[in-house]
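Chemist: Dropping the structure in here first, questions after.
Protein chains: 2
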Amino acid sequence: MTPSGASAQQPPSRRIAEDLRRQIETGTLRSGAKLPSERKLAEQYGAARNTAREAVRLLAEQGLVTAKHGSGVFVRTPQRLFRFGSDRYSLKNRETGLTPFRLEAKRQGKVARIEVPSIERERPPADVAERLGVPADDESVVHRENHYFADDEPVQIVSTYLRWDEAQGTLLMQRKTGKDGIYGRLQDLGHVMTRVRDEISARMPTPEEAAVLELLPGVPVLEVLHTSLDQDGVPFEVSRYVHRADQTGLLYELPVEQED
Amino acid sequence: MTPSGASAQQPPSRRIAEDLRRQIETGTLRSGAKLPSERKLAEQYGAARNTAREAVRLLAEQGLVTAKHGSGVFVRTPQRLFRFGSDRYSLKNRETGLTPFRLEAKRQGKVARIEVPSIERERPPADVAERLGVPADDESVVHRENHYFADDEPVQIVSTYLRWDEAQGTLLMQRKTGKDGIYGRLQDLGHVMTRVRDEISARMPTPEEAAVLELLPGVPVLEVLHTSLDQDGVPFEVSRYVHRADQTGLLYELPVEQED
DNA sequence: TCTAGCAACTGGCTCAAGCCAGATGCTTGA
DNA sequence: TCAAGCATCTGGCTTGAGCCAGTTGCTAGA
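In order, the protein sequences belong to chains A and B.
Residue numbering for the first sequence follows numbering that gives the first Met the number 0, starting at 0 and increasing by one per position.
Residue numbering for the second sequence follows numbering that gives the first Met the number 0, starting at 0 and increasing by one per position.
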């Protein structure tokens with residue numbers, strides 16, 4: 000009999016992957032369920048182990064499934080998203096004395112932890128230099144790298160860039176930046192955050208990012224290039240946020256400009 | 000000699016991938032350049048073809064290279080991003096008579112084309128029902144599916160959901176919706192877009208999305224769940240945007256709430 | 001001069017076999 | 001009773017072989 004349907008002329012690995020995908024989507028294989036082992040799948044479908052393995056890899060690439068060395072392959076449980084709202088920059092939130100991340104974590108009932116692996120004077124990346132209005136061929140910025148954890152799970156990597164001439168010799172060069180964090184110190188310097196510009200993109204993580212964020216295959220990252228502008232429209236801080244996309248989302252709520 | 004450094008105890012496929020990655024990042028392999036063939040790589044590194052192949056796959060997963068059947072593997076050229084600014088909702092732009100997408104395309108010197116594969120009455124997905132304030136167990140919405148192209152390249156898939164009781168019998172059920180598009184008709188119905196809520200996440204595409212958007216392996220999608228609120232704070236339209244992340248970015252510019 | 005067709009490249013996919021390493025639970029000896 | 005250790009699961013990774021299907025450019029014949 001000639002096989003019919005869309006799955007007919009597909010290679011075996013795809014056919015197996017499609018079959019499993021359907022089982023996951025229809026609930027035959029529930030969230031958290033264990034798939035048959037690679038060897039069993041191969042036997043069931045009359046294919047080589049490598050072919051079954053390839054099918055599993057395809058599913059993992061789509062983020063549907065995750066393999067655990069030694070124990071099996073499991074249907075991934077959708078994680079509740081850790082949402083970063085656009086009001087995280089709101090000055091009203093300063094009153095709480097919490098930084099935006101701690102605030103967001105608290106709101107979602109998680110324990111926040113922040114590591115500061117490095118604070119160094121550096122030459123800025125081209126995109127940062129452009130937005131901060133500093134020379135790219137000069138050690139014109141201070142780069143603060145932060146790693147953020149919620150309930151001990153790594154959630155995001157943040158690289159903050161500040162003008163060296165402003166940060167030099169201030170608390171901005173220290174791990175502990177005092178009340179209201181770096182934004183408090185920047186306000187002391189006369190910068191009131193008045194507008195923000197967030198440029199958002201998505202991509203696959205670099206191997207380093209995957210390691211820090213403990214990312215499984217098939218999980219992309221959200222990158223936000225954030226610029227803070229003060230009351231005079233001067234950019235005074237640029238940060239690059241790298242979020243794991245399987246646990247993080249962004250939320251922007253904004254008014255629509257009316258016609259006159 | 001015992002091999003030293005981080006690459007020492009790594010499996011061969013990773014070692015090869017790392018090596019190629021370094022060559023790409025240092026410019027030894029420039030953008031658009033052709034990598035050695037799988038068979039040549041295998042020979043160079045003294046590995047099996049499958050191992051070299053696995054290394055190439057790792058790079059493709061990271062979005063660094065792209066394979067062309069029959070001709071070779073090439074270093075991917077970073078595409079200029081098609082940015083969707085938050086002012087795309089601005090009512091001022093209505094004056095141009097262009098829909099947000101056409102406007103954005105024109106701004107970037109590209110030719111926009113929009114296909115409308117289907118307009119149907121449906122039961123809304125749970126997340127849409129919740130945001131639009133309609134029952135999820137009823138055919139309470141009209142679903143308009145649109146595919147957007149820029150210079151004939153597919154850029155985004157948009158699913159727009161409107162209340163069935165409002166759309167029934169109006170131009171909202173037609174392909175041609177008249178002046179100012181659906182937002183014009185919704186305004187006729189008394190809904191002035193006053194606030195928007197965009198929920199952003201990133202993930203790997205489904206096979207269907209990958210097909211429509213002609214996505215190469217290693218390219219994630221940006222998903223925006225958009226809600227339009229009118230002058231009374233009533234949600235009157237929900238859209239799900241699925242953007243290809245290799246050519247698309249989002250831009251949000253917004254004022255920061257001040258403390259009193 | 002042109003073109004049809006072929007050879008020799010490319011990646012796509014599979015197979016069958018093997019060794020390694022993590023996880024797990026049973027068994028056996030203290 | 002308890003714990004050490006081992007058998008036997010699991011996925012991780014490699015090998016080397018083979019066939020298929022796009023692509024490309026040369027070559028021979030009209």
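All residues carry an ideal CB built from backbone N, CA and C; glycine is no exception.
Just to confirm, is the Cβ distance from Ser85 of chain B to Glu222 of chain B under 7 Å?
Modeler: Here residue 85 of chain B refers to the residue found at position 86 when the second sequence is read from its first residue. Here residue 222 of chain B refers to the residue found at position 223 when the second sequence is read from its first residue. Contact: no.
Chemist: If we count Cβ pairs, one from each stretch, closer than 8 Å, do we get three or more for the segment 226-233 of chain B versus the segment 229-238 of chain A?
Modeler: no
Chemist: In the segment 206-231 of chain B, which residue ranges form an unbroken alpha helix (DSSP H) of at least 4 residues, counting only runs that do not cross its ends?
Modeler: 206-211
Chemist: Go through its chain and collect everything with a Cβ distance to Arg143 of chain B's Cβ below 6 Å, but skip five positions before and after it.
Modeler: On the second sequence, residue 143 of chain B is found 144 positions in, with the first residue counted as 1. Cβ within range, chain order: Ile118, Thr159.
Chemist: Which same chain residues, not among the five before or five after Val211 of chain B, have their C-beta less than 7 Å away from its C-beta?
Modeler: As a working note, residue 211 of chain B is residue 212 in the second sequence. These residues qualify, in order along the chain: His146, Pro153, Ile156.
Chemist: Would a check of beta-carbon distances place Val154 of chain B closer than 7 Å to chain A?
Modeler: Along the second sequence, read from residue 1 onward, the residue named residue 154 of chain B stands at position 155. Output row for Val154 of chain B: interface = no.
Chemist: Would you kindly work out how many angstroms separate the C-alpha atoms of Arg56 of chain A and Lys105 of chain A, rounded to a whole number?
Modeler: Mapped onto the first sequence, residue 56 of chain A falls at position 57. Mapped onto the first sequence, residue 105 of chain A falls at position 106. Rounded to whole angstroms, Arg56 of chain A to Lys105 of chain A spans 36 Å at the Cα level.
Chemist: Taking the alpha helix (DSSP H) that Gly180 of chain B falls in, what are its first and last residues?
Modeler: On the second sequence, residue 180 of chain B is found 181 positions in, with the first residue counted as 1. In the DSSP assignment, Gly180 of chain B falls within the unbroken alpha helix (DSSP H) covering 180-187.
Chemist: Please determine, among A:Phe83, A:Met203, A:Arg162, the residue with the shortest C-alpha to C-alpha distance to Arg130 of chain A.
Modeler: Here residue 130 of chain A corresponds to residue number 131 of the first sequence, with the count starting at 1. Per the Cα distances, A:Arg162.
Chemist: If you check the beta carbons only, do Met192 of chain B and Ser139 of chain B fall under 7 Å apart?
Modeler: Your numbering for residue 192 of chain B matches position 193 in the second sequence. Your numbering for residue 139 of chain B matches position 140 in the second sequence. No, they are not a contact pair.
Chemist: Is the shortest distance between the beta-carbon of Ala41 of chain A and the beta-carbons of chain B less than 7 Å?
Modeler: Position 42 of the first sequence, counting from 1, holds the residue named residue 41 of chain A. False, the Cβ-Cβ gap to chain B never drops below 7 Å.
Chemist: If we ignore side chains and look at the alpha-carbon of each, how far apart do Tyr88 of chain B and Tyr88 of chain A end up?
Modeler: Translated into positions along the second sequence, residue 88 of chain B becomes position 89. Translated into positions along the first sequence, residue 88 of chain A becomes position 89. Their backbone Cα atoms lie some 22 Å apart in a straight line.
Chemist: Hey, quick one: how far does the beta strand (DSSP E) through Gln155 of chain B stretch, first residue to last?
Modeler: On the second sequence, position 156 is the one that residue 155 of chain B refers to. Note, Gln155 of chain B: beta strand (DSSP E), 152-162.
Chemist: Apply the 10 Å Cβ neighbour rule to Thr176 of chain A and answer buried if 16 or more other Cβ atoms are within range, or exposed otherwise.
Modeler: Here residue 176 of chain A refers to the residue found at position 177 of the first sequence. Buried, because 16 or more other Cβ atoms sit within 10 Å of the Cβ of Thr176 of chain A.
Chemist: When the Cβ atoms of the segment 164-174 of chain B are set against those of the segment 15-32 of chain A, are three or more pairs found closer than 8 Å?
Modeler: no
Chemist: Closer than 7 Å, CB to CB, is Leu221 of chain B near chain A or not?
Modeler: Counting from 1 along the second sequence, the entry for residue 221 of chain B is found at position 222. Yes - at least one Cβ of chain A is within 7 Å of the one on Leu221 of chain B.
Chemist: Near Val72 of chain B, which residues of its chain fall below 6 Å by C-beta distance, leaving aside the five closest residues on each side in sequence?
Modeler: Against the second sequence, residue 72 of chain B aligns to sequence position 73. Hits under 6 Å: Leu34, Val55, Val64, Ala66.
Chemist: Name the two residues that bound the continuous alpha helix (DSSP H) containing Thr25 of chain B.
Modeler: By one-based count along the second sequence, residue 25 of chain B stands at place 26. For Thr25 of chain B, the enclosing alpha helix (DSSP H) covers residues 11-25.
Chemist: State yes or no: is the beta carbon of Ala51 of chain B nearer than 7 Å to at least one beta carbon in chain A?
Modeler: Residue mapping note: residue 51 of chain B aligns to position 52 of the second sequence, counting from 1. Chain A contact via Cβ: absent.
Chemist: With Glu37 of chain A and Arg20 of chain A assumed to form a contact (beta carbons below 8 Å), what rounded beta-carbon distance in angstroms separates them?
Modeler: The residue labelled residue 37 of chain A in the question sits at position 38 within the first sequence. The residue labelled residue 20 of chain A in the question sits at position 21 within the first sequence. Going by Cβ atoms, the distance from Glu37 of chain A to Arg20 of chain A rounds to 16 Å, so no, they are not a contact pair.
Chemist: Using a Cβ-Cβ cut-off of less than 9 Å, give me the residues of the segment 229-251 of chain A that come near chain B, in sequence order.
Modeler: His242, Ala244, Asp245, Thr247, Gly248, Leu249, Leu250, Tyr251
Chemist: By Cβ distance below 6 Å, which residues in the same chain neighbour Tyr182 of chain B in space, the five residues on each side in sequence not counted?
Modeler: As a position in the second sequence, residue 182 of chain B is number 183, starting the count at 1. Counting only Cβ-Cβ distances below 6 Å, and skipping sequence neighbours, we find nothing.
Chemist: Please name the residue, chosen from A:Ala16, A:Gln9, A:Pro11, A:Ser12, that lies closest to Thr205 of chain B on a Cα-to-Cα basis.
Modeler: Taking the first residue of the second sequence as position 1, residue 205 of chain B is located at position 206. Measuring from the Cα of Thr205 of chain B, the nearest candidate turns out to be A:Ala16.
Chemist: Relative to the C-alpha of Ala201 of chain B, which candidate in B:Gly45, B:Thr76, B:Val218, B:Glu42 has its C-alpha closest?
Modeler: Mapped onto the second sequence, residue 201 of chain B falls at position 202. The option with the nearest alpha carbon to Ala201 of chain B is B:Val218.
Chemist: For Thr65 of chain B, list the residues DSSP reports as bridge partners.
Modeler: As a working mapping, residue 65 of chain B is identified with position 66 in the second sequence. Paired residue(s): B:Phe73.
Chemist: Check the Cβ of Val195 of chain A against every Cβ in chain B and list those closer than 9 Å, keeping chain order.
Modeler: Residue mapping note: residue 195 of chain A aligns to position 196 of the first sequence, counting from 1. Under the 9 Å cutoff, chain B gives Tyr251, Glu252, Leu253, Pro254, Val255.
Chemist: Starting from Pro116 of chain B, trace the beta strand (DSSP E) both ways and give me its first and last residue.
Modeler: Taking the second sequence and counting its residues from 1, one reaches residue 116 of chain B at position 117. Per DSSP, Pro116 of chain B belongs to the beta strand (DSSP E) from 111-121.
Chemist: Look at the alpha carbon of Gln186 of chain A and the alpha carbon of Arg194 of chain A, and state the distance between them as a whole number of angstroms.
Modeler: In the first sequence, residue 186 of chain A corresponds to position 187, counting from 1. In the first sequence, residue 194 of chain A corresponds to position 195, counting from 1. Each residue's alpha carbon lies about 14 Å from the other.
Chemist: Give the interface partners of Ser85 of chain B over in chain A, defined as CB-CB distance under 8 Å, in chain order.
Modeler: Taking the first residue of the second sequence as position 1, residue 85 of chain B is located at position 86. Result: Tyr251, Leu253.
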